[in-house]
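Everything on this sheet refers to the single structure shown next.
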Amino acid sequence: AVATSWCVDCSEYICDSCVQAHQRLKITKDHTIKPKDEANNEQLAGAAGVDKLHMCQLHPQEKLSLFCETCDKLTCRDCQLSDHRDHKYKFAHEIATESRQALSTLVSEINYKRFLLSSATKVIDDRQQLIHDKKKDLIKEITAMAVKITNTVNTRGKQLIMRLNEVCDSKLKVLVEKKE
């Protein structure tokens, strides 16, 4: 489809069917849509605004192409030669490359540490499960042992009572016979 309009909010050219979709969808129905020929002026104005961000406020004709390491800020050539004369500096693109490399290294280290943390967490989870399972098994064992001991004590107690009854009955019988 051929682009016929410009969505100011999306900063994109869109075709007629996309214009209709923009007007229907809740999320885009409030977007400002302009004819394609008006968009070129807006794009240029937007690009100029972006370029202003990269220009020195003290020297508007100079780009912020240097980085003063002493002050930790972007500078233009004129500022570096005057206000930042004896300061340590590098070109902004060099700092950008170094920063990207440093960030890449940090991301790698973070990913490695995340892996180590994940592994340590897994080990802890496994040990917790092992302790839980062992506890369950030991409770079963102790309960079975307690039941066995209780049964043994009860059985022996009944045997002793029976033996006591036998001994007492026989002694009483002897005494009754002597009495008669």
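Read in order, the letters of the sequence shown correspond to residues 370 to 549 in my numbering.
We treat Cβ as the ideally placed atom computed from N, Cα and C, and that holds for glycine.
Paired residues, beta bridge with residue i - DSSP
i	result
THR444	LEU435
MET424	LYS432
ILE383	SER374
ILE402	CYS376
Minimum C-alpha distance to residue i - residue among the options
i	options	result
VAL388	ALA408, LYS491, ILE530 and ILE402	ILE402
ARG446	HIS456, LEU435 and GLN497	LEU435
THR373	LYS459, ILE396 and ASP406	ASP406
PHE460	LYS442, VAL371, SER477 and MET531	LYS442
HIS400	CYS376, ILE508, SER386 and GLU510	CYS376
Other residues of its chain near residue i: CB distance less than 7 Å, five sequence neighbours each side excluded
i	result
ASP420	Note that ASP420 scores 47 on pLDDT, short of 50, meaning its location in the model is unreliable; the coordinates nonetheless yield the value given after this. No residues qualify anywhere along the chain.
VAL543	none
LEU427	CYS448
LYS517	none
Burial state of residue i (16 or more Cβ within 10 Å)
i	result
ALA513	exposed
GLY418	Model confidence at GLY418 stands at a pLDDT of 46, short of 50, so the residue's coordinates are unreliable and nothing is read from them.
PHE484	exposed
ALA408	buried
ILE479	exposed
ILE383	buried
HIS391	buried
HIS453	buried
THR466	exposed
LYS547	exposed
CB contact check: residue i to chain C, cutoff 7 Å
i	result
LEU486	Within the model displayed, chain C is absent; a lone protein chain is all it includes.
8 Å Cβ shell around residue i - same chain, five flanking residues per side excluded
i	result
VAL545	none
CYS425	GLU431, LYS432, LEU433, THR444, CYS445, ASP447 and CYS448
HIS456	CYS437, GLU438, THR439, CYS440 and GLN449
Contacting residues, own chain, Cβ-Cβ under 6 Å from residue i (five flanking each side not counted)
i	result
ILE464	PHE436
Ignoring anything shorter than 3 residues or poking outside the segment 449-489, list the beta strand (DSSP E) runs there in chain order.
458-460
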